[in-house]
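Asker:
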Amino acid sequence: MSLAHLLRRLVALAVILLCVSALVFAITQILPGNAAVMILVQNATADELRALEVQLGLDRPAWVQYGRWIGGVLAGDAGISMTSSRPVLDVVLPALGRSLILAGITLAVMATGAVLLGVAAAVRRGRLADFVISALVYPGVCVPEFVVGTLLVVLLARPELGWFPAGGYAPLSQGLLGFARSIALPALTLTIILTSRISRQVRSEMIDVLKSDYVRTATLKGLPRRAVLFRHALPNAMLPTLTILALDIGYLIGGTVVVEEVFAYPGLGRLLIFSMQSRDLPVIQAGVLAMAVVYVTANLVADLLHSAVDPRVRADG
Amino acid sequence: MAEGWSRLARNPAGLTGAVILSFLLLVIVAGPALAPYDPTTFHLTRRLEGPSLDFLLGTDQFGRDLLSRILTGARPAVLFGVGATALAVLGGGVAGMASGYVGGLIDEVAMRALDVVLAVPGLLFALLIVTVLGSGSANAMLAVAVSFLPGFARLARAGTLSIRERDFVAAAIARGEAHGYILRREILPNLMPPIVVEASVRVAHALMIGATLSYLGLGAQAPDSDWGLLVAEARDYLFRNGWLLACPALAIGISALGFNLLGDGLRDLLNPELDA
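See the structure below:
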């Protein structure tokens, strides 16, 4: 991987994010701007409203407003939240941190589980184990996050059991047990859904690899099956798996939004839904942009990992 | 056609999907007529009951018959999934085909624009659009359609690019056929299989997102008999009447399963060489 290649990718990433910010800003500007102002001051007179519009810059052309906003964001100031009257970044960043904790734990557990299940199913293709894994995994593709989450609450968070809280968040600083219990069900919900999606894709990638010439060659030259699987087949199946994982980060982010709402987990997703319901424009804009940053960065990291592992990708970079 | 049916019969996934969807179609057409009660009638003396002979799946917090609500909810749920996907296929398909066929700078710009839209995770994009349009089933469907559109546009473009290079297209150009003819009669038929497969899986997905948006309060509104809404309402009574959660959850799951299995079956059917 050359430095020039990395730089080129970073520039492309910055350009895309800048366009995303413009897109998000444009979409949210369609929202009746004065409705937002009315939330702020419900009984204001026309004069007071106009004064506030001037103060907020709402009387300026859209591109000037965008310029101000994006300039502020880059300088670390994304405006003031309309509902909490606190700086937007003070609200968004801690929530983003908690979401990343949830997503990170999910990703780690899910990636391991999905790869193991997918490989096991592919190796046992067409036999009982494959069938059982497919049957176990398939429902996860057909049931949305909020249903799985609610089912888990019924099964594992019954008040009389006292195993898990039905919602909320206990920071790690207040003790490991409380933290683990508060994050267990949201993380489990996301893990179930994503493991289903990804293990099926790993299975079909692995099946393709197992059919390839080099695996047949390795088998024919008498290598033990274990060596064929783990030294020849698995590394090659890992490459597409990495791409699949990166693509599914988008699902993970979407799923996080829903799961946070189900479990009253104070992350960025829940904050966004609350902001959308209360039309808190500055928080919506910054929150969506933050998620896009995470998504695009995760994709870049996956690409870079991919080209670090696979010499063929490096060649044309 | 007959050969297609016999191949479908030998394809357990596709067959199961087709059976589930036939059943679903029956419920969609006849659901409201099959419902034993009006889905909005309160039976206030029979609240939060489990299944009984009077109420086969029990009743909710107002004594509404759960079976009737679920049967009534099938039509809007499936129409949501199919409608959102159809809009996305239409919009994305036309845009992708045009972009891939024309090529050059227009194609380049269109693809970069798609990159930007795709940098926002799908569900988030849908949420954003619903926020702008306002809550409601129709708006939610439009939002899901818009969030699916880039995916179909990419698929259609990629297909068009590769089909455009094939000999029969070169032959059509050599015959002096019009662009419209080439797009409709030469490219479109070959583009359909991957799009149909993707669309089938996407309907399942759209149906689930529709339920999710209703659950979040952004889609269908009370007192509609929307499946996502039923789950949201069941939340307060989870430990008193689990049927209120289990039945709509099962309805969503089985419907999505039907479309997913059909998609898997079609994938095998339309590209038999891929997974023989």
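Taken in order, these protein sequences are the chains called A and B. For the first sequence, position 98 matches number 98 in the working numbering, and the numbering has no gaps at all. So the working numbering is basically just the index in the second sequence, starting at one, shifted up by 1000. Built from N, CA and C at the ideal position, the CB exists for glycine as well. The structure displayed is predicted, hence computed values, not measured ones.
Would you list the one or two residues that DSSP bridges to residue 1065 of chain B?
Answerer: Answer is B/1059, bridged to residue 1065 of chain B.
Asker: What does residue 1121 of chain B reach in chain E if we use C-beta pairs closer than 7 Å?
Answerer: Among the protein chains of the structure shown, namely A and B, there is no chain E.
Asker: Would residue 151 of chain A pass as an interface residue toward chain B - the criterion being a Cβ-Cβ separation below 8 Å?
Answerer: By this cut-off, residue 151 of chain A is an interface position.
Asker: My guess is that residue 1203 of chain B and residue 1081 of chain B are in contact by the Cβ rule of under 8 Å, so how many angstroms apart are they, rounded?
Answerer: That belief holds up - the Cβ atoms of residue 1203 of chain B and residue 1081 of chain B are roughly 4 Å apart, short of 8 Å.
Asker: Taking 7 Å as the cut-off, is the beta-carbon of residue 1266 of chain B closer than that to any non-hydrogen atom of the ligand FMN?
Answerer: You won't find the ligand FMN in this model; it holds no ligand whatsoever.
Asker: Run through chain B and tell me which residues come within less than 7 Å of residue 158 of chain A, C-beta to C-beta.
Answerer: By Cβ distance, chain B contributes 1239.
Asker: Could you give the distance in angstroms between the alpha-carbon of residue 245 of chain A and the alpha-carbon of residue 111 of chain A?
Answerer: Cα to Cα, residue 245 of chain A sits roughly 8 Å from residue 111 of chain A.
Asker: Measure from the alpha carbon of residue 138 of chain A to the alpha carbon of each residue in A/227, A/157, A/118 and A/293, then state which is nearest.
Answerer: For residue 138 of chain A, the nearest C-alpha among the options comes from A/118.
Asker: Any C-beta of chain A sitting closer than 8 Å to the C-beta of residue 1107 of chain B?
Answerer: Chain A, which has no Cβ nearer than 8 Å to the Cβ of residue 1107 of chain B, makes this no.
Asker: Residue 1227 of chain B and residue 1031 of chain B look like a contact to me (Cβ under 8 Å); what is the Cβ gap, rounded to whole Å?
Answerer: That pair is no contact at about 12 Å.
Asker: Tell me, please, whether the segment 1049-1058 of chain B touches the segment 1078-1092 of chain B by the rule of three or more beta-carbon pairs shorter than 8 Å.
Answerer: Short answer: they don't touch.
Asker: Which residue marks the beginning of the alpha helix (DSSP H) containing residue 285 of chain A, and which one marks its end?
Answerer: It spans 281-309 - the alpha helix (DSSP H) in which residue 285 of chain A sits, taken as one unbroken run.
Asker: Have a look at residue 1165 of chain B and residue 2 of chain A and give me their C-alpha separation to the nearest angstrom.
Answerer: Going by the C-alpha atoms only, they are around 34 Å apart.
Asker: DSSP three-state label for residue 224 of chain A, please.
Answerer: Note: residue 224 of chain A maps to coil in three-state DSSP.
Asker: Name the chain A residues whose beta carbon is nearer than 8 Å to that of residue 1212 of chain B?
Answerer: Those are 144, 145, 146 and 258, listed as they occur along chain A.
Asker: Can you give the Cα-Cα distance for residue 34 of chain A and residue 1047 of chain B, rounded to whole angstroms?
Answerer: Its pLDDT being 48, under 50, residue 34 of chain A is placed unreliably in this model, and the coordinates cannot settle the point.
Asker: Quick check: is the beta carbon of residue 183 of chain A nearer than 8 Å to any beta carbon in chain B?
Answerer: With 8 Å as the cut-off, residue 183 of chain A does not count as an interface residue toward chain B.
Asker: Just verifying my parser: in three-state terms, what is the DSSP assignment at residue 1295 of chain B?
Answerer: It is not possible to answer for residue 1295 of chain B, since the shown part of chain B is limited to 1001 through 1276.
Asker: Name, in chain order, the residues that DSSP records as bridge partners for residue 87 of chain A.
Answerer: Looking at the DSSP assignment, residue 87 of chain A forms a beta bridge with A/80.
Asker: In the DSSP assignment, the alpha helix (DSSP H) including residue 256 of chain A goes from what residue to what residue?
Answerer: Segment 234-262, the alpha helix (DSSP H) holding residue 256 of chain A.
Asker: Excluding the 5 residues preceding and the 5 following residue 1039 of chain B in the sequence, name in chain order all residues of the same chain whose CB lies nearer than 6 Å to its CB.
Answerer: The residues are 1068, 1069, 1072 and 1225.
Asker: For residue 1141 of chain B, go through chain A and note every residue whose CB falls closer than 7 Å to its CB, in chain order.
Answerer: What residue 1141 of chain B touches in chain A: nothing, since even the nearest Cβ is about 16 Å away.
Asker: Does residue 1189 of chain B pass the burial test, meaning 16 or more other C-beta atoms within 10 Å, or should it be called exposed?
Answerer: Classification of residue 1189 of chain B: exposed, given that the 10 Å Cβ count is below 16.
Asker: Ignore the nearest five residues each way along the sequence and tell me which others in residue 289 of chain A's own chain have a CB closer than 8 Å to its CB.
Answerer: 17, 20, 21, 24 and 73, listed in sequence order.
Asker: On the three-state DSSP scale, how would you describe residue 16 of chain A?
Answerer: Helix.
Asker: For residue 135 of chain A, which option in A/60, A/200, A/13 and A/81 has the closest C-alpha, if you only look at C-alpha atoms?
Answerer: Considering only alpha carbons, the answer is A/200.
Asker: With burial defined as no fewer than 16 other Cβ atoms inside 10 Å of the residue's Cβ, what is the status of residue 1148 of chain B: buried or exposed?
Answerer: Per the 10 Å Cβ criterion, buried.
Asker: Specify the secondary structure class of residue 194 of chain A as computed by DSSP and reduced to three states.
Answerer: In this structure, residue 194 of chain A counts as helix in the three-state DSSP scheme.
Asker: Examine the Cβ distances between the segment 236-245 of chain A and the segment 1175-1194 of chain B and report whether three or more of them are shorter than 8 Å.
Answerer: Not touching, per the Cβ criterion.
Asker: Going by DSSP in three states, residue 1165 of chain B sits in which element: helix, strand or coil?
Answerer: Coil, per DSSP.
Asker: At the level of alpha carbons, what is the spacing between residue 81 of chain A and residue 146 of chain A?
Answerer: One C-alpha to the other measures close to 28 Å.
Asker: With 16 other CB atoms within 10 Å as the buried threshold, where does residue 1214 of chain B fall?
Answerer: Buried, since its Cβ has 16 or more Cβ neighbours within 10 Å.
Asker: Between the alpha carbons of residue 1055 of chain B and residue 1066 of chain B, how many angstroms are there, rounded?
Answerer: Approximately 8 Å, taken between the alpha carbons.
Asker: Taking only beta-carbon positions, decide if residue 119 of chain A is within less than 8 Å of chain B.
Answerer: With 8 Å as the cut-off, residue 119 of chain A does not count as an interface residue toward chain B.
Asker: Using the Cβ count rule (16 or more neighbours within 10 Å means buried), how would you classify residue 1207 of chain B?
Answerer: Buried.
Asker: Can you tell me which of the three DSSP states residue 1241 of chain B falls into?
Answerer: Coil, per DSSP.
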